[in-house]
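In our numbering, the protein residues as written are 395 to 561. One structure below.
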Ligand code: CDP
Ligand code: MG
């Protein structure tokens with residue numbers, strides 16, 4: 395059933411360093427999605443272990459080396475994390491970002507419009523798979539990720555002025 399839910403988005407170091415955070419953020423705003431929390435931070439290894447392994451099962455899925463490569467990528471600069479609210483927002487944001495590999499991403503998606511590398515190029519060289527944003531994969535992942543990245547008092551309840559014309 396469709397419902398108002400929340401998702402975590404993280405602007406990765408390539409988005410921050412390339413100065414495209416504002417452009418990408420405006421896509422979410424224009425879609426009618428509501429930003430209910432946002433901050434810049436530079437998480438340590440333990441924080442990313444919780445995010446990518448405890449919640450995301452990256453080491454179980456792809457091995458320790460993948461995690462270390464990704465950790466290096468995620469620590470190249472600060473990141474910007476936000477919580478976004480909307481109807482079926484987890485799925486909507488995945489559609490806007492999707493898919494993981496920039497080489498498979500169609501124009502119109504964030505990775506399709508802003509990313510260029512491929513897994514075959516970056517993985518063997520242990521280079522970052524620059525793909526600009528993290529977005530929660532499903533509702534359960536979103537709930538765990540939001541609790542990991544944000545304190546309850548860092549999230550806000552307010553009405554967008556155009557909300558009556560969106561919901
Ligand atoms: O980010 P997404 O949920 O689409 O993909 P994931 O499977 O949860 O992987 C997390 C991140 O690991 C990706 O966004 C890539 O930055 C990185 N990755 C990689 O470097 N090499 C791969 N073969 C797969 C993912
Ligand atoms: Mg994921």
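Backbone N, C-alpha and C define an ideal beta-carbon position, used for all residues, glycine too. The model shown is predicted, which means the values in this text are computed figures rather than measured ones.
For the set 430, 513 and 406, the Cα lying nearest the Cα of residue 545 is the one of 430.
Between residue 481 and residue 397, the beta carbon gap of about 7 Å places them in contact (Cβ cut-off 8 Å). The residue from 556, 547 and 561 with its alpha-carbon nearest to that of residue 432 is 547. The distance from the Cβ of residue 529 to that of residue 560 is about 20 Å, inconsistent with a contact at the 8 Å cut-off. Taking the Cβ atoms as the reference, residue 473 lies roughly 5 Å from residue 404, within the contact range of under 8 Å. Per DSSP, the beta bridge partners of residue 479 are 400 and 428. For the options 485, 523 and 509, the alpha carbon positioned closest to that of residue 400 is the one of 485.
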